[in-house]
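Student: One structure, pasted below without further comment.
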Amino acid sequence: YIEDINDNDPEFINLPYAITLDESTPIETVVFNRIKAIDRDKPNTPNSDVEYAIAPKQIKSGDFPFRLESSQRPKLILQRPLDYDAGQHTMNVLVIATDRGNPPRTANATVRVTIRDVDDLPPIFTRAVYRTKMKESYPVTGKPIHEPVYFDPPIDAFDQDSLNTTLIFGIIAGNDRQLFWMSPETGKLFLQKEIDLEEESLPDNTIILQIEARQANNPTKSALARIELEIIDLNDNLPEFEVDLY
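Numbering-wise (UniProt numbering), the sequence shown opens with residue 1 and increments by one.
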């Protein structure tokens with residue numbers, strides 16, 4: 001009778017282990033079930049009986065997003081939400097296979113997890129309010145114009161996801177007289193009608209516009225901002241007597 005000694009480490013098979021998950025993957029989803037190790041010691045003995053666990057250094061923090069269910073036929077399960085936008089782009093799950101020999105022998109394998117961004121965040125403007133000053137038009141000719149209105153910093157918005165989504169810009173309030181036009185592609189603002197301050201009724205000589213940036217592929221995701229344009233009065237009117245004859 002030759003007694004088997006525990007002289008073989010477990011060996012992981014089907015390597016490498018790699019998966020890709022959407023950040024919106026529901027918790028309690030089985031995300032991987034191909035983890036397996038063999039042990040070349042005598043079959044059906046503690047020396048060849050392999051159990052699996054995630055490395056303690058990963059799970060001790062308490063916020064690790066994965067767990068292994070069933071130590072003998074392991075399933076990798078998502079137990080906490082993923083968030084690509086918080087910086088979770090890739091993760092390595094270190095799995096330890098341990099036989100039940102005395103002393104036990106171990107082996108390690110890594111499950112590489114790539115997290116894929118999904119469209120879960122709306123766009124956002126770089127500022128809540130964009131302010132600038134501009135002179136009233138002089139002389140007033142009544143002709144259509146197309147003059148850029150400059151802001152510092154310029155009007156801009158971006159998608160908070162990393163998907164490089166195309167945004168469409170527009171004016172949604174405050175432009176009843178169609179004095180301004182906003183480029184849908186760039187968000188640049190243009191004056192398209194002359195402004196005569198004496199003909200306008202403006203509190204504090206200021207025009208207020210509400211603007212929007214919405215996703216081209218999902219119009220329900222949008223952002224709002226405000227534009228405040230202070231119109232500078234020019235000395236463009238001669239004095240007038242109240243009556244022509246005294």
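We put the beta carbon where it would ideally sit given N, CA and C, even for glycine. Only a predicted model underlies this, so the values are computations on that prediction, with no experimental measurement involved.
Would you be able to state if there are at least three C-beta pairs under 8 angstroms between the region 90 to 106 and the region 153 to 170?
Tutor: No, they do not touch.
Student: Going by DSSP, name the residue or residues bridged to Q210.
Tutor: Answer by DSSP bridge pairing, in chain order: A173 and R226.
Student: Across the region 72 to 84 and the region 17 to 25, are there enough close Cβ pairs to call them in contact, namely three or more that are closer than 8 angstroms?
Tutor: Yes, the region 72 to 84 is in contact with the region 17 to 25.
Student: Under 8 angstroms, with one C-beta from each stretch per pair, do the region 130 to 142 and the region 40 to 57 reach the 3-pair mark?
Tutor: Taking 8 angstroms as the limit for Cβ pairs, the verdict is that the region 40 to 57 does not touch the region 130 to 142.
Student: What is the rounded straight-line gap between the Cα of E51 and the Cα of Q72?
Tutor: Going by the C-alpha atoms only, they are around 5 angstroms apart.
Student: Between the C-alpha atoms of A53 and S61, what's the straight-line distance to the nearest angstrom?
Tutor: Going by the C-alpha atoms only, they are around 15 angstroms apart.
Student: Under 8 angstroms by Cβ, that's how I've got E147 and L191 pegged, so tell me the actual separation to the nearest angstrom.
Tutor: Going by Cβ atoms, the distance from E147 to L191 rounds to 5 angstroms, so yes, they are a contact pair.
Student: Three-state secondary structure (DSSP) at P56?
Tutor: Correct three-state label for P56: helix.
Student: Following the continuous beta strand (DSSP E) through Y17, name the residue where it begins and the one where it ends.
Tutor: Segment Y17 to D22, the beta strand (DSSP E) holding Y17.
Student: DSSP puts R40 in a beta bridge; with which residues?
Tutor: DSSP output for R40 lists no bridge partner at all.
Student: Please go through the same chain and pick out, in chain order, the residues whose beta-carbon is closer than 6 angstroms to the beta-carbon of R67, but skip the five residues on each side of it.
Tutor: Cβ neighbours of R67 beyond the five flanking positions: I77 and Q79.
Student: Take every Cβ of the region 209 to 217, pair it with every Cβ of the region 165 to 178, and state whether three or more of those distances are shorter than 8 angstroms.
Tutor: Yes, they touch.
Student: Measuring straight from C-alpha to C-alpha, what distance separates I38 and K221?
Tutor: Those two C-alpha atoms are separated by around 50 angstroms.
Student: Compare the Cα-Cα distances from R226 to each of E199, V129, D233 and V243 and report the closest residue.
Tutor: It is V129 whose Cα lies nearest to the Cα of R226.
Student: Label V93 either buried or exposed according to how many other C-beta atoms from any shown protein chain fall within 10 Å of its C-beta, with 16 as the threshold for buried.
Tutor: That one is buried.
Student: Helix, strand or coil for N92, going by three-state DSSP, please let me know.
Tutor: Three-state DSSP puts N92 in a strand.
Student: Is P219 helix, strand or coil when you go by DSSP?
Tutor: Three-state result, P219: strand.
Student: Figure out for me which residue from P103, I207, Y17 and N14 has the closest Cα to the Cα of I5.
Tutor: Checking every option, the nearest Cα to that of I5 belongs to P103.
Student: If you drop the 5 nearest sequence neighbours on each side, which residues of the same chain put their C-beta closer than 8 angstroms to that of Q178?
Tutor: Answer for Q178: Q192 and K193, listed in chain order.
Student: Starting from K75, trace the beta strand (DSSP E) in both directions and tell me its first and last residue.
Tutor: Looking at the DSSP string, the run of the beta strand (DSSP E) that includes K75 is K75 to L78.
Student: Could you pull the DSSP bridge partners for D99 from this structure?
Tutor: In DSSP, D99 forms a bridge with V50.
Student: To the nearest angstrom, report how far apart N108 and F12 are at their CA atoms.
Tutor: Approximately 8 angstroms between the Cα atoms of the pair.
Student: Out of H89, M182 and I231, point me to the one whose CA is closest to I195's CA.
Tutor: Closest option to I195, Cα to Cα, is I231.
Student: Flag this pair as yes or no: are the beta carbons of R34 and N8 separated by less than 7 angstroms?
Tutor: Not in contact: R34 and N8 (Cβ atoms no closer than 7 angstroms).
Student: Suppose the cutoff is 6 angstroms on Cβ atoms and the five residues either side in sequence are ignored; what does the same chain contact list for W181 look like?
Tutor: Around W181: F190 and Q192.
Student: With 16 as the cutoff for other CB atoms within 10 Å, does I27 come out buried or exposed?
Tutor: Exposed, since its Cβ has fewer than 16 Cβ neighbours within 10 Å.
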